[in-house]
């Protein structure tokens, strides 16, 4: 038995071990799920993580090359957060119906790819996808957390005698914000606004409030260390380093794995075919 035959046997056994509801969902949902993981999906994911890579790189570049203080580096993080929040707001206002359409199918989509992972031997747990928090809820949580973090930062800096307007007037800082807006946020938003073949748009990959709460944690950490310049720069530098590492992991391994996963479904079809009457197409 060659490798191809061995893989076919493994897939067949994995298929037979799936619960009947998972088999029916796979057969019913495969075409639509694959269509949604097309070129537009990949472009959107790449643009999103390139935005993270750009933000982190410019933050570290500012600290080590332009000689930014921790205040200027933190202002870049604040600006990046609000630019991202505004992009989400634009998406919510202009694609509300398309988002609602995607929320209606996201549970089945998530469960479908879990089933694919089961068939590929990449996952042992049964498929059990949960619903995705709505973008409207994420916007509200991020607004509250982000506004709180920004307010605390401004109050803390002002009370310690820092003139924020002077720090924000740095040409290199303003240029970095413009670069993030034009080369990071704008392409990411443009990719996210593109509709899939079913008319829906991709949901944010983050949990509700994840970015806003993360920003709040950073601000609390900065407030907690007091006036130590090196410690503050270390915290801000670590955050920017985290952005870079996450972006590189997703760009180098995460996105290619998503592509391979979709290609596997297209190429490996020794599974039973859906009966036309039993497997209606997704609306």
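Numbering (the working numbering), first residue to last: 148 to 430.
Yeah, the Cβ is synthetic: ideal placement off N, Cα and C, and Gly gets one too.
Remember, it's a predicted structure, so these values are computed and weren't measured experimentally.
Within the region 220-295, the complete alpha helix (DSSP H) runs of at least 4 residues fall at 243-267. Judged by DSSP secondary structure, residue 410 falls within the alpha helix (DSSP H) whose first and last residues are 402-414.
A straight line joining the alpha-carbon of residue 289 with that of residue 328 spans about 19 Å. For residue 334, the uninterrupted alpha helix (DSSP H) segment begins and ends at 333-340.
Judged by DSSP in its simplified three-state form, residue 329 adopts helix. DSSP, reduced to helix, strand and coil, places residue 307 outside both helices and strands of the structure shown, so it counts as coil. With respect to the 8 Å criterion, residue 197 and residue 331 are classified as neighbours on the basis of their beta carbons. In the DSSP assignment, residue 210 falls within the unbroken alpha helix (DSSP H) covering 186-211.
Classified as buried, residue 173 has 16 or more neighbouring CB atoms from the shown chains inside 10 Å of its CB. The C-alpha of residue 254 lies about 48 Å from the C-alpha of residue 313. Ranked by Cα distance from residue 379, the first of 388, 369, 386 and 161 is 369. For residue 359, the enclosing alpha helix (DSSP H) covers residues 357-371. Residue 320 places its beta carbon 8 Å or farther from that of residue 411. Judged by their CB atoms, residue 408 and residue 263 are nearer to each other than the 8 Å cut-off. Annotation for residue 165: 173, 262, 265 and 266 place their beta carbon closer than 8 Å to its own, counting only its chain and skipping 5 residues before and after. In this structure the region 236-244 lies against the region 332-343, because at least three pairs of beta carbons, one per stretch, are closer than 8 Å. The DSSP-derived three-state label of residue 168 is helix. In the displayed model, residue 159 falls within a helix according to three-state DSSP. A residue is called buried when at least 16 other Cβ atoms come within 10 angstroms of its Cβ; residue 386 meets this threshold and is buried. Here the alpha carbons of residue 221 and residue 366 stand approximately 9 Å from one another. Separation of the CB atoms of residue 307 and residue 219 is rounded to 15 Å, and the pair is thereby denied contact status at 8 Å.
Here residue 404 is exposed, its C-beta having fewer than 16 other C-beta atoms within 10 Å.
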